[in-house]
Amino acid sequence: MIPLSWYLALSAVLFTIGVVGVIIKRNVISMFMCIELMLNAVNLTFVAFSSYFGDVTGQLFVFIVMTVAAAEAAVGLGIVIAIFRNRESLDVDDASVLRL
Amino acid sequence: MFNLSDYLPIVLMFIVAIGFAAGNVLLSQLVGQHKATRTKTMPYECGKDPVGNAHERFSVKFYLIAMIFILFDIELIFLIPWAVVFKSFATAGRDLGTLIYVEMMLFVALLLVGYVYIIRKGLFDWGERARLEAEAEGRALAETEARRRAMQAATTARAA
Amino acid sequence: MNLSFAIPLSAPDVNFRLLLPELILSVTGVVVMLVDAFTGRSQRRATATLSLAGLAATAWATLWLWPSAQGADTRAWGGMIVLDPMRLSFTLVFLIVAALTVLISAIWVEWEGLPAGEFHTLLLFATVGMMLMASGNDLVMIFLGLEILSIATYVMAGFRKNDLRSNESSLKYFILGSFSSAFLLYGIALVYGATAHEVSAQPQASGALAQHVILAGTTNISAIAERVNDGLYPPLLFAGAAMLMIGFGFKIASAPFHVWTPDVYEGAPTPVTAFMAAGPKAAGFAAFMRVFLLAFPFVAASGQMRSTGAQLHDAWLGALWILAVLTMTVGNVVALVQTNVKRMLAYSSIAHAGYALVGFVAAGAADSAHQTDAVAAVVFYLLAYAVMNLGAFAVVTLIARSGDRRTDIEDYRGIGFDSPALSLTLSLFLLSLLGVPLTAGFMGKVMVFSQALGEGYKWLVVIGVLNTAISVYYYLGLIVVMFFRERTTEWRAPRIPTTLAVVLVLTVAGVIYLGLFPGRVINAFRAVQPIAVSSLR
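Chains as they are written, first to last, in my numbering: chain A, 1 to 100; chain B, 1 to 160; chain C, 1 to 537.
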């Protein structure tokens, strides 16, 4: 049997990849995909714990996270479409009417 | 417990499936005749003659449909576990059947409200509106094309 | 792999009474949505009236629940929903914010021809999300409330679809908002794993009598508090708490997690900015305080070895202290150099989150008897901030005109004597934000700082007062610009529409009332039964 810590390490690595991706990527869609990666790393943590414990609560949480991620995806892509209509670029460096 | 040999049937199924597909292609390569006519070398598009370029831009309404689909689709993950455990909750010991039935119906009713809302907002109305949108999109495309041409002309003029 | 999962035996204690405010508001939201779909754009007033009626009914239900906040059955839905003074007082703050936002936005949607029904629906759902954040006694519930709030707010920030600034504001809010949600979620997952405990459960197969022992983590706040000392993986608990702190830190816009705030607040339509600065921030505080005060509570030292719970408490309190100092200082110092009023108010809102964090630190250090007082002080501070902030943004909305065109400090030059009503009320709100005596802001600061002093945080209070001194410069600077600078360009005083007049009257009255008679409000928040409520029963 694969020990729990392996799953936790894997999900921590995935989460970190997601965080780094959001910080260094300049394209909105890529950033968005990195956020999804972070959410799925969390899902992996939940499922690993849940399966290891034999407790169903963690898996229920994963359902909720998936639903929320879908809603976020819909809204996020809607925002991206709105930006794309007003300006033909998805590079966040171009999104600088407001200075940072 | 995890036991690799339990997965043997699945592996066998993969092998058979891949073998079947690859075998048929190979067989037709080996035994079949090869006469390349114009119709045969055309890209296959469900039996219709291909029109235009494949790298066409899709209308935004397809995106909207896809988005709505995702939203309604994901709700299924609540329905299926509910259906699975419904019986064990409705048995005499717990007697929660009515409650969880009503709650799920409420959930479905809320989804229905969302559905009615998007219909009323004209998301599926592709008649008049779609035509207007397509015309507007065509105009916008022509405009950008004209601008690009003008810019090109300007650069060539400057180069000359 | 353990593939046989056990279903928990506990009965879902259904109690609709406890959830009444949230239910009323959700139903109102759905009704507003349907009314909007079936009447079309002509019925702008209808949805606003309906929303206000729903908010009023919700407020009534909240007041009706108030006396039972300390009774016997204050938990329901499997311990997911809790009824306590903290929840109810925060709920009232949210309702006030939502109602004032409906009124402020009435003029704005008319100017710009925006779909009012959609805006009201989103606003109501966002409010439901905030209320769930305050009432959830389970990390799952808090996360769901947060997402309901955030997703609605992302859309509201980008509500002016054809304006690039609004789009960008929405995009930045969305990216950083979901980024922080992911941190929060990871924190929840780690806490869930770290609090694993042996529980007995029945296998799912009906009829099987054999109980077997399984491990189970928990996301219930009360259960976490019981298990902090003997969870299976204490290091994970620390990591989880840190992640939760990052997530909530983003939501309440505390430094160093504040970078999104100025851009988002500047680009979003002004009424939405008003809402975001007052509502979601308060909701973030509600969830932040509930999780950290109740799930990772103060543990009295006992014996030689300090328990995990005590170590955790020290760690998060120390981190929060630093967060409070950074937030106050960064907010005030950067606000000094702003040239745009909305950006200035954004940095001011960061600074105010810092002052509220001072009260939070005091609540964290207090024992349970004093904790209610400190929490009540923080809620009072957030209420005062909400009222004066919404008032200030109402004036900014009116001066900015459609499209948010005039929001630079230059645009306020010399308008003081042309439209005295507007500039005098704005001055009052600025003075209150600064914390001049006899205003709500002053009382709020006094309460928060006195709680901190009571717990022995001298330096924190000193830094807070120094920061207030810094903030004199930019608040008074705007007043000076309005009254003592010559107007160089032509300016026409805007006519004040009825709805906005109502908002201004209400907020001015609120600022003065909270500044002069804070006693009744603060007593109600401490859950001494308010007189108005007992006569209502």
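Note that CB positions come from ideal geometry on N, CA and C, so glycine has one too.
- The three-state reading of DSSP puts C/Glu226 in helix, counting H, G and I together.
- Contact between C/Ala440 and C/Leu390 is ruled out by a C-beta separation of about 12 Å, above the 8 Å threshold.
- Following the DSSP letters along the chain, one finds C/Met130 inside the alpha helix (DSSP H) bounded by residues Ala116 to Ser135.
- CA-CA distance, C/Ile522 to C/Thr91, rounds to 15 Å.
- Chain-order list of chain C residues neighbouring A/Val28: Leu171, by C-beta distance under 7 Å.
- In this structure, the alpha-carbon of B/Leu4 lies about 33 Å from that of A/Cys34.
- Beta-bridge pairing by DSSP links C/His197 to C/Ala216.
- A residue is called buried once 16 or more other Cβ atoms fall within 10 Å of its Cβ, and B/Thr39, having fewer, is exposed.
- Spanning the alpha carbons of C/Met243 and C/Thr219 requires a straight line of approximately 15 Å.
- Under the three-state reduction of DSSP, C/Ile81 is assigned to strand.
- Our two residues, A/Ala9 and A/Leu44, have alpha carbons roughly 10 Å apart in a direct line.
- Between C/Val228 and C/Met289 the beta-carbon gap is near 17 Å, outside 8 Å, which marks them as no contact.
- Secondary structure note for C/His258: it is in no alpha helix (DSSP H), with a DSSP letter that is neither H nor E.
- C/Thr397 and A/Val75 have their C-alpha atoms some 26 Å from each other.
- Taking C/Ala493 as the centre and dropping the five residues before and after it, the same chain places the C-beta of Asp418 and Ser419 closer than 6 Å to its C-beta, in chain order.
- For A/Thr16, none of the residues of chain C pass the 7 Å Cβ criterion, the least Cβ distance being about 10 Å.
- Excluding residues up to 5 positions away in sequence, Arg413 and Gly414 lie with their Cβ nearer than 8 Å to the Cβ of C/Arg485 in the same chain.
- Taking all protein chains in view, the Cβ of C/Ile322 is surrounded by fewer than 16 other Cβ atoms within 10 Å, so the residue is classified as exposed.
- In this structure, the straight-line span from the alpha carbon of C/Ile188 to that of C/Thr153 is close to 23 Å.
- When C-alpha distances from C/Pro256 are compared across C/Ala277, C/Ala319 and C/Leu294, the shortest belongs to C/Ala319.
- Here DSSP, grouped into helix, strand and coil, assigns B/Ala36 to coil.
- At a C-beta separation below 9 Å, C/Leu149 has no neighbours in chain B, since its nearest C-beta there lies roughly 18 Å away.
- Residue contact with chain C for A/Ala9: absent (no Cβ-Cβ distance below 9 Å to any residue of chain C).
- For B/Leu30, the closest Cβ of chain C is not nearer than 9 Å.
- With a threshold of 9 Å between beta carbons, A/Ala74 makes contact with chain B.
- When Cβ pairs closer than 8 Å are counted between the two stretches, the stretch 49-59 of chain C is seen not to touch the stretch 75-83 of chain C, the count staying below three.
- The DSSP-derived three-state label of C/Asn162 is coil.
- When DSSP states are grouped into helix, strand and coil, B/Arg120 belongs to the helix group.
- The beta carbon of C/Leu190 lies closer than 6 Å to those of Leu236, Ala239 and Gly240 in the same chain, with the five residues before and after it left out.
- For B/Leu71, the C-beta contacts it makes with chain A under 8 Å involve Ala70, Ala71 and Ala74, in order along the chain.
- Following the DSSP letters along the chain, one finds A/Ser50 inside the alpha helix (DSSP H) bounded by residues Val28 to Phe53.
- In the same chain as C/Ser105, and ignoring 5 residues on each side of it, the C-beta atoms closer than 7 Å to its own belong to Phe119 and Pro271, in chain order.
- DSSP places C/Gly477 in the uninterrupted alpha helix (DSSP H) bounded by Lys458 to Phe484.
- Interface flag for B/Ile77 against chain A is set, since a Cβ pair is found closer than 9 Å.
- Residue state for C/Arg406 is assigned as coil, using DSSP reduced to three classes.
- Separation of C/Lys251 and C/Val436 (C-alpha to C-alpha, rounded to the nearest whole angstrom) is 28 Å.
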